[in-house]
Each structure stands twice: as C-alpha cells, then as structure tokens.
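K.L.:
Got a structure for you, written out below as structure tokens; questions coming shortly.
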Amino acid sequence: MKDLAGLMKQAQEMQKKMGEAQARLDAVEVTGEAGAGLVKITTTAKGEPRKVSIDPSLIDPSEPEILEDLMLAALSDAKRKADEAQANVLRDAAGGLGLPPGFDMPFGVKS
104 MKDLAGLMKQ
114 AQEMQKKMGE
124 AQARLDAVEV
134 TGEAGAGLVK
144 ITTTAKGEPR
154 KVSIDPSLID
164 PSEPEILEDL
174 MLAALSDAKR
184 KADEAQANVL
194 RDAAGGLGLP
204 PGFDMPFGVK
214 S
C-alpha cells in the first residue's frame with residue numbers, strides 16, 4: 104500500500120508540473136524568419152500566432168508568390184522553433200520525476 108501512496112503522490116506532482124509547463128508554453132515566444140529576416144512570424148511555443156512582420160520592400164502586387172513562399176518558410180521556421188521550445192519546457196517539467204531513460208514527454212518513447 105505504501106507503493107500506491109507514493110505512486111499517487113508522484114502522479115499529483117507530475118500533474119502539477121505539467122500544468123505549470125503548459126502555462127509556460129503560453130508565455131514562451133519564438134520567431135521564425137525567412138528571406139534574411141524580411142519576413143518574421145512570432146508564435147507561442149504552443150504554435151499560437153502572435154505577430155507577423157513583413158518588410159515593405161517585399162510587397163509587390165505583380166509577384167505575390169514571393170511573399171507567399173517567404174510567409175510559408177517563416178511559418179515553418181517558427182513551427183520548428185516552437186516544437187523545440189515545447190520539448191525543452193516539457194523536458195524541464197519532467198526532470199526530477201524519476202522517469203526512465205529514453206522516456207519522452209508527453210508520454211512517449213524517444214526513437
């Protein structure tokens with residue numbers, strides 16, 4: 104019965120840490136860039152868009168494809184950075200919980 108009580112305590116601790124981590128993910132912002140910084144998209148670590156910045160030199164009505172491509176590239180860069188930030192925050196939240204090596208949050212096994 105002692106083991107069950109310890110397990111329940113550990114589960115409560117993990118739930119608390121994950122709640123705190125989720126709050127941090129809303130606060131952490133990353134910025135994806137494209138075109139040497141001419142297009143920037145800022146999102147939270149959860150991927151929620153916060154800001155878009157486009158250098159006026161890119162706005163050419165006769166060539167919208169260039170701006171469209173740079174927007175997609177900046178969004179992809181922001182997504183990659185958000186995924187990295189999310190993994191770092193969740194890894195920090197899981198630290199000290201005594202999870203086995205190779206166990207990744209949220210609840211997966213690293214490949």
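Heads up, the numbering used here is the position in the sequence shown plus 103, with the first residue counted as 1. Beta carbons are placed, not taken as given, at the ideal position from N, Cα and C, and that holds for glycine.
(1) Which residues in the same chain as Thr145 place their Cβ atom closer than 6 Å to its Cβ, once the five residues preceding and following it in sequence are excluded?
(2) According to the neighbour-count rule (16 or more other Cβ atoms, all chains shown, within 10 Å of its Cβ), is Leu110 buried or exposed?
(3) Where does Ser179 fall in DSSP's three states?
(4) If we count Cβ pairs, one from each stretch, closer than 8 Å, do we get three or more for the segment 173-185 versus the segment 112-123?
(5) Let me confirm a value: Met112 is counted as buried when at least 16 other C-beta atoms fall within 10 Å, else exposed. Which label applies?
(6) Cβ of Val142 within 8 Å of Cβ of Ile162?
P.N.:
Reading off the structure:
(1) Along the sequence shown, one-based indexing puts residue 145 at 42. If we look at Thr145 and ignore the five residues flanking it on each side, its Cβ neighbours are Glu132, Thr134, Arg153, Lys154.
(2) Within the sequence shown, the letter at position 7 stands for residue 110. It counts as exposed.
(3) Stepping through the sequence shown from its first residue, residue 179 is reached at position 76. If DSSP states are grouped into helix, strand and coil, Ser179 belongs with the helices.
(4) no
(5) If you number the sequence shown from 1, residue 112 lands on position 9. Met is not the amino acid found at residue 112; the sequence shown has Lys there. Exposed is the call here.
(6) By one-based count along the sequence shown, residue 142 stands at place 39. By one-based count along the sequence shown, residue 162 stands at place 59. No, they are not a contact pair.
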